[in-house]
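K.L.:
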Amino acid sequence: MSLAGKVAVVTGGSRGIGRAICLRLANMGARVVINYVSRPEAAEETRAQVEALGSECVVLKFDVAKSAEVQEAFKQITAECGRIDILVCNAGITRDGLLATMKEEAWDEVMAVNLKGAFNCIKAGCRPMMKQRWGRIIIITSVVGFAGNAGQANYSAAKAGLVGLTRSSARELASRSITVNCVAPGYIDTEMTSELPDKVKEKILAEIPLGSLGKPEDIAAAVTYLASDDARYVTGQAIHVNGGMLMG
Ligand code: NDP
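Structure (structure tokens):
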């Protein structure tokens, strides 16, 4: 599988799962645009790792939740890189809490970044793909978008929403040879999960047949498959990468 000559935009590409995706895409020959919003030092570390692979990359700050910023950023990417072939909507946040006491802001923030953020980026990113008549859009959802999770009503609702967004955009964009799929990670070892209390982690581990948390690279492998020509006939689907914690 080679992605030589392709330009890939990875939202939240500066650390965690996004960094692993950037590295894997770069390793396959893609020119990568690494997006971040608040931690430039993490984005620069990803840039250094991508460049160490001998690949070119661009680091770009924008908030996926802000449509004007996203539009401006995608204009800049198209001007600088000439094209956009692969878009990975990976940026995400959690603001956990029980439904009965969840603050409205916690609901709104998670919806704005996790769900509207993907909409903003797909809307801006699909235009150059439509002109090129080729594109790959990959959305990072979550196991909890399918199974639900106590304490994550906002997050699981946003992640379930991404599945609908995947399927609708897959139907709209298929005639231009643009595929849209999602990857649904289980529990992956990143900063997002490092904050979980040990007791919660033990409970989660007990529910994973393969017996360990996943690695960011496990998600990157599924993403690069979907980005490749090998997946040309796959659209509107969800690939579950969760150690078996949810089946079917
Ligand atoms: P991390 O918290 O490690 O990284 C989040 C990334 O998203 C960072 O690069 C961050 O940038 C970026 N980001 C956050 N908000 C915005 C924003 N408004 N605009 C642009 N970028 C933003 O998360 P993970 O790597 O763990 O998760 C990546 C994705 O995978 C998320 O969508 C998450 O929901 C999903 N996921 C993760 C699972 C896990 O177990 N870890 C399980 C299932 C799904 P910055 O550092 O600059 O703030």
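In this note's numbering, the protein residues as written are 68 to 315. Yeah, the Cβ is synthetic: ideal placement off N, Cα and C, and Gly gets one too.
1) Does DSSP put residue 231 in a helix, a strand or coil?
2) Kindly list the residues whose CB is nearer than 8 Å to the CB of residue 324, restricted to its own chain and excluding five residues on each side of it in sequence; keep chain order.
3) Would residue 327 be called buried (16 or more neighbouring beta carbons within 10 Å of its own) or exposed?
4) Using the Cβ count rule (16 or more neighbours within 10 Å means buried), how would you classify residue 166?
5) Under 8 Å between the Cβ atoms of residue 192 and residue 141?
6) Name the one or two DSSP bridge partners that residue 142 has.
7) For the alpha helix (DSSP H) that contains residue 189, what are its first and last residues?
8) When burial is assigned at 16 or more other CB atoms within 10 Å of the CB, is residue 196 buried or exposed?
9) Is any heavy atom of ligand 1 found at a distance shorter than 7 Å from the C-beta of residue 317?
10) Would you list the residues sitting across from residue 98 in a DSSP beta bridge?
11) Give the secondary structure of residue 246 by DSSP, where H, G and I count as helix, E and B as strand, and everything else as coil.
12) Quick one: what does DSSP say residue 128 is sitting in, helix, strand or coil?
13) First and last residue of the beta strand (DSSP E) that includes residue 114?
P.N.:
Taking the definition as stated:
1) Taking the first residue of the sequence shown as position 1, residue 231 is located at position 164. Here residue 231 sits in helix by DSSP.
2) The structure shown has nothing for residue 324, since the chain only spans 68 to 315.
3) This structure cannot settle anything about residue 327, because the visible part of the chain is limited to 68 through 315.
4) Counting from one through the sequence shown, the residue named residue 166 turns up at place 99. Exposed.
5) What you label residue 192 is simply residue 125 of the sequence shown in a count that begins at 1. What you label residue 141 is simply residue 74 of the sequence shown in a count that begins at 1. The answer is yes: Cβ separation under 8 Å.
6) Position 75 of the sequence shown holds residue 142. Residue 142 is not bridged to any residue.
7) Against the sequence shown, residue 189 aligns to sequence position 122. That run of the alpha helix (DSSP H) goes 184-199.
8) Residue 196 sits at position 129 when you count from the first residue of the sequence shown. Residue 196 is buried by the Cβ-count criterion.
9) Residue coverage of the chain in this structure runs from 68 to 315, which leaves residue 317 outside it and unanswerable.
10) Numbered from its first residue, the sequence shown carries residue 98 at position 31. In the DSSP output, where bridge partners are listed per residue, residue 98 has 74.
11) Here residue 246 corresponds to residue number 179 of the sequence shown, with the count starting at 1. In this structure, residue 246 counts as strand in the three-state DSSP scheme.
12) Your numbering for residue 128 matches position 61 in the sequence shown. Three-state result, residue 128: strand.
13) Locating residue 114 in the sequence shown gives position 47, where the first residue counts as 1. Here residue 114 belongs to no beta strand (DSSP E); instead the alpha helix (DSSP H) covers 107-119.
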